[in-house]
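Accompanying notes for the structure given below.
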Amino acid sequence: MDVIERALGNSKEESFRTKVIGTSADFAKNMPITVSPVSMHGNLNVENRRENCIAKMEAKWCFLATMALLAMLVTYQFENLFSKRNTPVAHASGFWDYHSFITAAAEYQPHGFGTTGGKFMGQKEVAAFLGHVGSKTSCGYGVATGGPLAWGLCYNKEMSPSQTYCDDYYKYTYPCTPGVSYHGRGALPLYWNYNYGKTGEALKIDLLNHPEHIENNATLAFQAAMWKWMTPEKKHLPFSARCDDESMNNIVSHYLYYLDLMGVGREEAGSHEVLSCAEQLPFNQASASASSS
1 MDVIERALGN SKEESFRTKV IGTSADFAKN MPITVSPVSM HGNLNVENRR
51 ENCIAKMEAK WCFLATMALL AMLVTYQFEN LFSKRNTPVA HASGFWDYHS
101 FITAAAEYQP HGFGTTGGKF MGQKEVAAFL GHVGSKTSCG YGVATGGPLA
151 WGLCYNKEMS PSQTYCDDYY KYTYPCTPGV SYHGRGALPL YWNYNYGKTG
201 EALKIDLLNH PEHIENNATL AFQAAMWKWM TPEKKHLPFS ARCDDESMNN
251 IVSHYLYYLD LMGVGREEAG SHEVLSCAEQ LPFNQASASA SSS
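Take the sequence shown: its letter number 232 is residue 232 in the UniProt record's numbering, and every next letter is one higher.
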């Protein structure tokens, strides 16, 4: 069974933990929330990480895992999935590319991203991840050329933020930097100082003082999104009333569209009731029961 599950996190942000049953989420549930696959490798330099991986065969699987995804999602498929991202009207034209996605994925594939359960299941997980990305970065609308689902990766940041997203509650752990705005940036847009702080700690990048790194480096933007995808939320219950809304249905639509373009076929996804989180059960039910007793 293939399930896209979404739980809304802190009420100040529509922060979600996404998982596809039987894929890398099973690994992620057992990972400490403060540890990410990237942080296991020490300091991260997103510009030369791939070159080090290939030139030095660092941990060997780094290269082999990249080859697995190259076979699963080839360049022309990525171009088809995001066919309008480089049009003149796209706000992030020229920013997102296949190379950046593959480079970022190399960090997470050894830990199960797109590699758990065989190629078929891996393709479904990649489609699910990109379905969220496409939905959250789209500038498509009903009569847009190519249809609304062809406009994923149109944005890499919030264009007209109405606030700086500084939560003073976290002034001791993730203090806001004067003059810095923590508005939405990235493939799965980050909001709020505490989310930039947590993600920066995991990726070993100072995002609290320099959140603009996310909008300036596509590889880092994909890595931040993959870290969010692979990292479990704790003690968050699903809010069913918000799981069958337009936003959730838009994610499902992108997922089905991408399955078709990747050659898997939407018929393999299951019914809408299975894909929606409207009937979702709490994550880690055993842990939740133990903590409440």
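Positions of the beta carbon are idealized from the N, C-alpha and C atoms, including for glycine.
Annotation: the continuous alpha helix (DSSP H) that includes residue 226 extends over 218–230. In the structure shown, residue 81 falls within a helical segment according to DSSP collapsed to helix, strand and coil.
Between the stretch 89–106 and the stretch 166–182 there are fewer than three inter-stretch CB-CB distances shorter than 8 Å, so the stretches are not counted as touching. Sequence-distant partners of residue 198 (beyond 5 residues in either direction) whose C-beta falls short of 8 Å from its own C-beta, in its chain, are 174. Annotated three-state conformation of residue 204 is coil, per DSSP. Residue 136: member of the alpha helix (DSSP H) spanning 118–136, first to last residue.
261 is the residue among 261, 194 and 190 whose C-alpha sits nearest the C-alpha of residue 79.
The beta carbons of residue 188 and residue 136 sit closer together than 8 Å.
With fewer than three CB-CB distances shorter than 8 Å, the stretch 139–150 does not count as touching the stretch 116–126. For residue 198, the secondary structure class from DSSP, reduced to helix, strand or coil, is helix. Taking 8 Å as the cut-off, the Cβ atoms of residue 146 and residue 93 do not count as close. Residues of the same chain with a CB within less than 7 Å of the CB of residue 219, apart from the 5 flanking positions on each side, are 46, 100, 103 and 104 in chain order. In chain order, 114, 119, 122, 123 and 126 place their CB closer than 7 Å to the CB of residue 72, counting only its own chain and leaving out the 5 sequence neighbours on each side.
In the three-state DSSP reduction, residue 190 falls in the strand class (E or B). Residue environment for residue 134: buried (at least 16 other C-beta atoms within 10 angstroms of its C-beta). In its chain, beyond the 5 residues on either side, no residue has a beta carbon closer than 6 Å to the beta carbon of residue 172.
Around the Cβ of residue 132, a 10 Å sphere holds 16 or more other Cβ atoms; the residue is buried. Considering only 184, 224 and 259, the residue with the shortest C-alpha distance to residue 159 is 184.
For residue 180, the closest alpha carbon among the candidates 223, 212, 116 and 274 is that of 212.
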